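Quick note on numbering: numbering that gives the first Met the number 0 labels position 279 of the sequence shown as 278, and the sequence is numbered without any gaps. Where a beta carbon is used, it is the ideal one built from N, C-alpha and C, also for glycine. Treat the numbers as computed from the prediction; the structure is a model and nothing was measured.
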Amino acid sequence: MADEIKDGKVDVTRYMVKEGEKVNLKKYSTKCDVSIDKSQVKNLYFPQVIEKLKDLQEKLYAQNTYGLVVVLQAMDAAGKDGTINHVFASLNPGGVKVVSFKQPTTEEKDHDYMWRINKALPERGDIGIFNRSQYEDVIVTRIHDLVHQGQLPQNLVNKNIWEERYEQINNWEKYLRQNGFMMIKIFLHVSKEEQQKRLIDRIVNQQKNWKFSMSDINERQYWDRYQELYEEMISKTSKDISPWFIIPADQKWYTRYIVALITLQALKKIDPQFPKLDPEVQKQLETFKKLIAQVDVKELAEIQTTLSEKASKENKEN
Numbered sequence: 000m001a002d003e004i005k006d007g008k009v010d011v012t013r014y015m016v017k018e019g020e021k022v023n024l025k026k027y028s029t030k031c032d033v034s035i036d037k038s039q040v041k042n043l044y045f046p047q048v049i050e051k052l053k054d055l056q057e058k059l060y061a062q063n064t065y066g067l068v069v070v071l072q073a074m075d076a077a078g079k080d081g082t083i084n085h086v087f088a089s090l091n092p093g094g095v096k097v098v099s100f101k102q103p104t105t106e107e108k109d110h111d112y113m114w115r116i117n118k119a120l121p122e123r124g125d126i127g128i129f130n131r132s133q134y135e136d137v138i139v140t141r142i143h144d145l146v147h148q149g150q151l152p153q154n155l156v157n158k159n160i161w162e163e164r165y166e167q168i169n170n171w172e173k174y175l176r177q178n179g180f181m182m183i184k185i186f187l188h189v190s191k192e193e194q195q196k197r198l199i200d201r202i203v204n205q206q207k208n209w210k211f212s213m214s215d216i217n218e219r220q221y222w223d224r225y226q227e228l229y230e231e232m233i234s235k236t237s238k239d240i241s242p243w244f245i246i247p248a249d250q251k252w253y254t255r256y257i258v259a260l261i262t263l264q265a266l267k268k269i270d271p272q273f274p275k276l277d278p279e280v281q282k283q284l285e286t287f288k289k290l291i292a293q294v295d296v297k298e299l300a301e302i303q304t305t306l307s308e309k310a311s312k313e314n315k316e317n
């Protein structure tokens with residue numbers, strides 16, 4: 000499979016933020032920035048990558064030791080839902096867990112901000128997809144100053160709170176990695192112009208009216224502040240063990256292909272294998288194989304005898 004997709008495979012490290020790198024989103028393209036044919040991606044390369052993902056997911060599930068967490072963060076209308084649907088819907092649903100983190104419930108507010116994230120972690124052998132994530136609590140919470148409106152003791156709300164949260168999140172992700180759970184973090188980088196087109200489409204297209212929310216329009220006024228905080232967040236939390244990828248999101252076909260490739264790369268690093276059978280079980284299987292083969296030979300002989308007798312009878316009648 001690797002050889003078959005070689006010509007269409009994009010080096011996804013071009014989108015990976017190195018540890019310690021200071022991010023300026025203006026320097027990252029929101030459109031496809033490599034020479035690659037759209038029709039070939041959609042009809043050849045993307046399906047091939049999905050097939051390889053299926054194979055590795057099956058091994059990951061069977062091995063039942065490692066887990067994978069895929070974090071998707073973005074501005075509104077950047078394509079998180081569509082990406083999840085197109086990239087992961089073809090995998091075995093029994094081994095994929097998608098969680099969307101929306102406004103915290105009353106129960107969630109009664110706990111620390113990471114409580115609901117911990118609850119949503121995948122089991123060993125599974126792939127967990129986070130539609131938004133722990134990073135909402137250093138972005139949205141900060142944009143709207145929610146820490147002063149919540150139940151966190153106010154003496155803990157100080158000028159260092161965001162640096163402390165970056166440290167907490169980094170330590171948590173390191174802890175997960177040390178316990179066999181790899182995390183890849185993807186920022187879908189959409190332009191302000193493309194976001195506007197998609198929001199308008201939600202208004203005028205009846206089939207997409209259900210996606211429209213006034214909050215999307217309200218949040219748009221904070222565009223520059225969001226960009227500033229995303230730059231800081233990515234710079235502070237992109238680590239070698241859990242890197243951020245800043246992916247062009249203006250063209251959905253390319254976005255989905257790159258997300259699929261990044262996921263494939265992560266699974267290859269895990270290198271899951273089907274578990275080896277106990278020697279005694281393997282011995283029993285070999286015995287069963289011989290018995291089945293003997294049964295097949297016997298059945299074939301009976302069929303041949305029946306056909307021969309039928310042919311002989313027809314000859315006599317003629």
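Practice problem: Find out if the Cβ-Cβ distance for the pair Ile-185, Val-69 is shorter than 9 Å. | Solution: yes
Exercise. For Lys-96, write down the residues that DSSP places opposite it in a beta bridge.
Key: Gly-127
Exercise. Determine the DSSP secondary structure at Leu-198, reduced to helix, strand or coil.
Key: helix
Practice problem: Could you have a look at Phe-273 and say whether DSSP puts it in helix, strand or coil? | Solution: coil
Quiz prompt | C-alpha gap between Arg-201 and Leu-71, whole angstroms | solution = 21 Å
Exercise. Count the other CB atoms, across all protein chains shown, that sit within 10 Å of the CB of Leu-52; report buried if there are 16 or more and exposed otherwise.
Key: buried
Self-check item: First and last residue of the uninterrupted beta strand (DSSP E) at Val-11
Solution: First-last for Val-11: undefined, no H or E at that position.
Exercise. Can you tell me which of the three DSSP states Ser-214 falls into?
Key: helix
Quiz item: Between Ile-126 and Leu-59, is the Cβ-Cβ spacing less than 9 Å?
Solution: yes
Quiz prompt | Among Glu-18, Leu-24, Glu-163, Thr-105, nearest to Ile-246 - alpha-carbon criterion | solution = Leu-24
Quiz item: Could you check where the alpha helix (DSSP H) with Ile-160 kicks off and where it finishes?
Solution: 160-177
Quiz item: Can Tyr-256 and Val-48 be called in contact, C-beta distance under 9 Å?
Solution: yes
Quiz prompt | Three-state class that DSSP yields for Gly-81 in the structure shown | solution = helix
Quiz prompt | Met-232 in three-state terms, based on DSSP | solution = helix
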